Amino acid sequence: MPEAGGIYRSIKLAAQLFGKPLEALAPEELHRVTCVATRQQEIEVLILETPEAASVMLPAASIDASLMEIRRRYADEGADPGNTGSGQRDAPGSLDRRQPDGNPPSLRRR
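This note's numbering numbers the first residue of the sequence shown as 208 and each following residue consecutively.
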């Protein structure tokens, strides 16, 4: 089974490649999904480590709009994937991926 951080990617790939849920894959299908997911993750890391990616910032309004869209999409199921229980985002402001310590970029609140 894939790592917790890559589970979404693996679920999506299982549906795209084989048209079935991750837990229904045969061992060779699961191996293929794992290989593709690993390669996608490697490519993503390479892209996020570029100088151009280091200056990307997401405005709070963009994040809010995306969360609203997700909430609307899943409202019928009673699920709120963006809800942390507080009714608000963790912190106001933009997401900033730049890290002065030289570590690989990651999304963090600014």
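Cβ coordinates follow ideal geometry from the N, Cα and C atoms, glycine included.
No experiment lies behind these values; they were computed from the predicted model shown.
For residue i, is the classification buried or exposed, using 16 other Cβ atoms within 10 angstroms of its Cβ as the cut-off for buried?
i, result
"Ala-221", "buried"
"Leu-232", "buried"
"Ala-268", "exposed"
"Ala-282", "exposed"
"Ala-272", "exposed"
Note down, in chain order, each residue of its chain lying with its Cβ closer than 7 Å to the Cβ of residue i, except the 5 sequence neighbours on either side.
i, result
"Ile-218", "Leu-229"
"Asn-290", "The predicted model places Asn-290 with a pLDDT of 48, which falls under 50 and marks its position as unreliable; any figure quoted below should be read in that light. There are no such residues."
Give a yes or no on whether the C-beta atoms belonging to residue i and residue j are separated by under 8 Å.
i, j, result
"Ala-260", "Ile-254", "yes"
"Arg-239", "Leu-224", "yes"
"Gly-213", "Gln-248", "yes"
By Cβ distance below 6 Å, which residues in the same chain neighbour residue i in space, the five residues on each side in sequence not counted?
i, result
"Asn-310", "Caution applies to Asn-310, whose pLDDT of 49 falls short of 50 and renders its modelled position unreliable; the model cannot decide the point."
- Query: What alpha helix (DSSP H) runs, 4 residues minimum, are completely inside the segment 244 to 275?
  - Reply: 258 to 261
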